[in-house]
Amino acid sequence: MDKVFNVGKLVDFQWKLGVSIASNHSSQLNTPFITVFVKVLDSNSEVTSHSFELTIPEFKNFAQQFKDMSNMIETL
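Quick note on the working numbering: the sequence shown kicks off at 5 and runs consecutively.
(1) What are the boundary residues of the alpha helix (DSSP H) that includes residue 74?
(2) Hey, how far is the Cα of residue 58 from the Cα of residue 72?
(3) Could you tell me the boundaries of the beta strand (DSSP E) in which residue 3 lies?
(4) How would you write the range of the beta strand (DSSP E) that residue 45 sits in, first residue to last?
(5) Have a look at residue 34 and residue 19 and give me their C-alpha separation to the nearest angstrom.
(6) When the Cα atoms are used, what is the spatial distance from residue 53 to residue 41?
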C-alpha cells in the first residue's frame with residue numbers, strides 16, 4: 005500500500021493556533037489562523053518539511069477531509 009500513490013509517508017504533523025493582530029494594511033486584525041507543519045518521508049528516504057497557514061474554516065475543512073480519507077481507508 006505504501007507505493008500505490010508514491011506521494012511519500014507522513015512522518016510528523018503538528019499545528020498551532022495564532023492570531024494576526026496587525027499588518028501593514030490594518031492596525032487591528034484579530035484574525036485567528038492555524039499554522040500546519042508536516043514532515044514527509046519520500047521514496048529516497050529523505051524527509052522534507054512543509055508548512056502552511058489556514059483560516060479556521062479552511063482548517064475545519066482540512067480536518068474533515070482527513071476524517072473522510074480515514075473512513076475510506078478503513079473500508080479497504
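All residues carry an ideal CB built from backbone N, CA and C; glycine is no exception.
All values derive from a computational prediction rather than experimental measurement.
Considering the structure as presented:
(1) Against the sequence shown, residue 74 aligns to sequence position 70. That run of the alpha helix (DSSP H) goes 60-78.
(2) For the purposes of this step, residue 58 is identified with residue 54 of the sequence shown, where counting begins at 1. For the purposes of this step, residue 72 is identified with residue 68 of the sequence shown, where counting begins at 1. Roughly 19 angstroms separates the two Cα atoms.
(3) Nothing can be reported for residue 3, as the shown portion of the chain is limited to 5 through 80.
(4) Here residue 45 corresponds to residue number 41 of the sequence shown, with the count starting at 1. Residues 35-45.
(5) By one-based count along the sequence shown, residue 34 stands at place 30. By one-based count along the sequence shown, residue 19 stands at place 15. Between residue 34 and residue 19, the C-alpha separation is close to 19 angstroms.
(6) Within the sequence shown, numbered from 1, the residue matching residue 53 stands at position 49. Within the sequence shown, numbered from 1, the residue matching residue 41 stands at position 37. Straight-line Cα distance between these residues: approximately 7 angstroms.
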